[in-house]
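K.L.:
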Amino acid sequence: MHLHLDNTHLNLDSDYEPMFSHKDIKDLLGFTEIYSNPSSLLNSSLFVRLIVTYQGTYAIKIKDLTKLQHLNSIWSDKKKKKRFMTLLDLEYRRKTGDFSNPNGTAEDYQKIILKHINIKYDLGISLFKTIENNGEPVGCEELILVNGDTANSSIDKKPCDE
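Printed below as a string of structure tokens:
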């Protein structure tokens with residue numbers, strides 16, 4: 001689990017992540033590449049990346065490792081890597097007026113990351129959000145983008161225990 005704490009100073013040359021960053025996505029894949037357990041086969045669904053944001057606590061989890069491994073070919077091509085990183089960062093910046101207090105809604109940022117990982121790049125990753133009661137986690141829900149390639153996109157929420 002981690003926080004993106006250094007988002008308080010405007011620096012147009014640096015990354016800005018009110019939600020998961022391109023590095024978080026790459027790190028999720030990286031966990032599978034360094035995992036070693038001789039007594040167990042690789043189960044990519046075990047790997048999760050958590051983040052705490054202004055709008056809540058989120059997790060990304062691998063659904064399809066083969067799709068996520070496509071990220072290696074993007075990372076090995078300098079232009080493709082730059083585009084992958086820049087597209088996500090620009091979408092976040094469009095929803096951010098004050099870097100110390102993002103003005104995008106939770107749903108804005110959820111849609112941005114879901115479009116990036118499921119439509120633009122089809123990386124086989126799921127997004128989850130904790131459900132809280134008085135600040136205490138009581139469950140989670142998978143966030144699913146509906147009509148993501150249209151202006152009328154929305155987020156469906158599926159309880160994790162289904």
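Under the numbering used here, read the sequence shown as residues 1 to 162, first letter to last.
Where a beta carbon is used, it is the ideal one built from N, C-alpha and C, also for glycine.
According to DSSP, simplified to helix, strand and coil, what is residue 136?
P.N.:
For this step, residue 136 is matched to residue 136 along the sequence shown. Three-state DSSP puts residue 136 in a strand.
K.L.:
For the beta strand (DSSP E) that residue 56 lies in, which residues bound it at each end?
P.N.:
Along the sequence shown, read from residue 1 onward, the residue named residue 56 stands at position 56. Here the beta strand (DSSP E) through residue 56 covers 56-62.
K.L.:
Please name the residue or residues paired with residue 18 in a DSSP beta bridge.
P.N.:
Locating residue 18 in the sequence shown gives position 18, where the first residue counts as 1. None, per the DSSP bridge assignment.
K.L.:
How many angstroms separate the CA atom of residue 159 from the CA atom of residue 73?
P.N.:
For this step, residue 159 is matched to residue 159 along the sequence shown. For this step, residue 73 is matched to residue 73 along the sequence shown. Rounded to the nearest angstrom, the two C-alpha atoms are 33 Å apart.
K.L.:
Which whole-angstrom value is the C-beta distance of residue 19 and residue 53, which I expect to be below 8 Å?
P.N.:
For this step, residue 19 is matched to residue 19 along the sequence shown. For this step, residue 53 is matched to residue 53 along the sequence shown. Indeed they touch by this definition, with Cβ atoms about 6 Å apart.
K.L.:
When you compare only the Cα positions, how much space is there between residue 132 and residue 138?
P.N.:
As a working note, residue 132 is residue 132 in the sequence shown. As a working note, residue 138 is residue 138 in the sequence shown. Whole-angstrom Cα-Cα distance: 5 Å.
K.L.:
Whose C-alpha, out of 134, 128, 113, 141, is nearest the C-alpha of residue 148?
P.N.:
Position 148 of the sequence shown, counting from 1, holds the residue named residue 148. Comparing Cα-Cα distances from residue 148 to each of 134, 128, 113, 141, the minimum goes to 113.
K.L.:
Apply the 10 Å Cβ neighbour rule to residue 143 and answer buried if 16 or more other Cβ atoms are within range, or exposed otherwise.
P.N.:
Mapped onto the sequence shown, residue 143 falls at position 143. Buried, because 16 or more other Cβ atoms sit within 10 Å of the Cβ of residue 143.
K.L.:
My guess is that residue 42 and residue 35 are in contact by the Cβ rule of under 8 Å, so how many angstroms apart are they, rounded?
P.N.:
Reading the sequence shown from its first residue, position 42 is the one you call residue 42. Reading the sequence shown from its first residue, position 35 is the one you call residue 35. 6 Å between Cβ atoms; contact.
K.L.:
Answer with buried or exposed for residue 107, where buried requires no fewer than 16 other C-beta atoms within 10 angstroms of its C-beta.
P.N.:
Stepping through the sequence shown from its first residue, residue 107 is reached at position 107. Residue 107 is exposed by the Cβ-count criterion.
K.L.:
Measure the C-alpha to C-alpha separation of residue 117 and residue 60 and round it to an integer number of angstroms.
P.N.:
Position 117 of the sequence shown, counting from 1, holds the residue named residue 117. Position 60 of the sequence shown, counting from 1, holds the residue named residue 60. One C-alpha to the other measures close to 10 Å.
K.L.:
Compute the beta-carbon to beta-carbon distance between residue 90 and residue 120, rounded to the nearest angstrom, for a pair I have assumed lies under 8 Å.
P.N.:
Looking up residue 90 in the sequence shown gives position 90. Looking up residue 120 in the sequence shown gives position 120. 12 Å between Cβ atoms; not a contact.
K.L.:
On the premise that residue 63 lies in contact with residue 124, defined as a C-beta separation below 8 Å, what is that separation, rounded to the nearest angstrom?
P.N.:
Sequence index remark: in the sequence shown, residue 124 carries index 124 (1-based). Sequence index remark: in the sequence shown, residue 63 carries index 63 (1-based). With 8 Å as the limit, residue 124 and residue 63 qualify as a contact, their Cβ atoms being about 5 Å apart.
K.L.:
With DSSP run on the structure shown, which of helix, strand or coil describes residue 86?
P.N.:
For the purposes of this step, residue 86 is taken as the residue at position 86 of the sequence shown. Shown here, residue 86 sits in a helix according to DSSP, grouped into three states.
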